[in-house]
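Okay, so here's the structure we're looking at.
Residue numbers (our numbering): 63 to 287.
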């Protein structure tokens with residue numbers, strides 16, 4: 063067990079060091095790229111614009127690595143919160159994301175308890191990640207639902223897309239898994255971060271297909287009823 067723990071800590075340290083060491087050269091590259099984009103040569107500007115997109119992808123990658131390190135060490139701060147205002151806030155944020163991406167959003171709210179002890183920041187981040195993921199694959203419709211389950215909150219996000227393939231059902235919550243081409247601008251960290259936050263909250267993340275598309279459910283257990 064001690065060997066396994068040491069390996070985990072070494073991996074965390076390596077990821078943090080790697081992310082840190084990449085920041086400086088990326089900053090330099092970004093500076094030179096911005097200079098190239100002011101060139102009088104149209105082909106140079108076009109090439110620089112393409113380079114800029116890839117530099118931005120690398121910056122997002124470095125930021126994601128740093129986020130994983132932070133999330134792995136973050137523990138929930140439980141507070142007794144009013145559930146209906148929380149649901150309203152999460153729905154409002156989800157509505158903005160869906161509207162921006164041209165998708166319809168349906169809310170299903172089956173909450174009957176007024177308060178639970180939860181970490182609203184954890185729930186908010188997971189909700190935003192799940193909605194952002196759903197709008198990428200939905201044809202036209204995203205559904206978000208809230209229910210009480212086993213002394214906790216169950217947040218479920220569904221979309222009417224093609225669903226997860228067999229490989230994705232098993233690996234979608236693994237770090238850096240995308241299920242897409244290597245040219246994807248997403249680094250497969252969203253569902254992994256959701257899984258981390260749910261597990262830190264003594265809950266779980268469940269991924270499955272439905273007859274209409276895909277569904278991801280996030281459960282957050284409350285230490286008190």
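Glycine included, each C-beta is placed from N, C-alpha and C at the ideal position. Fair warning: this is a prediction, and the values are worked out from it, not measured in the lab.
| query | result |
| --- | --- |
| Selection from 177, 200, 195 that minimises the alpha carbon distance to residue 210 | 177 |
| Close-in-space but distant-in-sequence residues of the same chain around residue 245 (CB under 8 Å, 5 per side omitted) | Low confidence applies here, because residue 245 scores a pLDDT of 32, under 50, leaving its location unreliable and the question unanswered by this model. |
| Opposing strand residues paired with residue 208 [DSSP bridges] | 171, 217 |
| Three or more C-beta pairs below 8 Å linking the stretch 145-153 and the stretch 96-110 | no |
| Nearest-angstrom Cα separation, counted from residue 201 out to residue 274 | 11 Å |
| Neighbourhood of residue 167 by C-beta, 7 Å cutoff - its chain only, sequence neighbours within 5 removed | 156, 157, 160, 204, 206 |
| The stretch 276-287 contacting the stretch 211-220, beta-carbon criterion three pairs below 8 Å | yes |
| Cβ pair residue 88, residue 184 closer than 7 Å | no |
| Beta-carbon proximity check, residue 17 vs residue 181, cutoff 7 Å | The requested residue 17 does not occur in the structure, where the chain is confined to residues 63 to 287. |
| As assigned by DSSP and simplified to three states, the class of residue 184 | helix |
| Three-state secondary structure (DSSP) of residue 164 | coil |
| Segment limits, alpha helix (DSSP H) that includes residue 252 | 252-262 |
| Beta-carbon proximity check, residue 133 vs residue 255, cutoff 7 Å | yes |
| Which of helix, strand or coil DSSP assigns to residue 246 | Low per-residue confidence applies at residue 246: pLDDT is 39, beneath 50, and the placement is therefore not dependable, though the value from the model is reported in the following sentence. Correct three-state label for residue 246: coil. |
| Residue 270: first and last residue of the uninterrupted beta strand (DSSP E) it sits in | 266-272 |
| Spatially closest choice to residue 154 from 137, 124, 189, 99, by CA coordinates | 189 |
| DSSP three-state assignment for residue 95, whether helix, strand or coil | helix |
| Residue 276 versus 223, 95, 267, 114, residue with shortest Cα-Cα distance | 223 |
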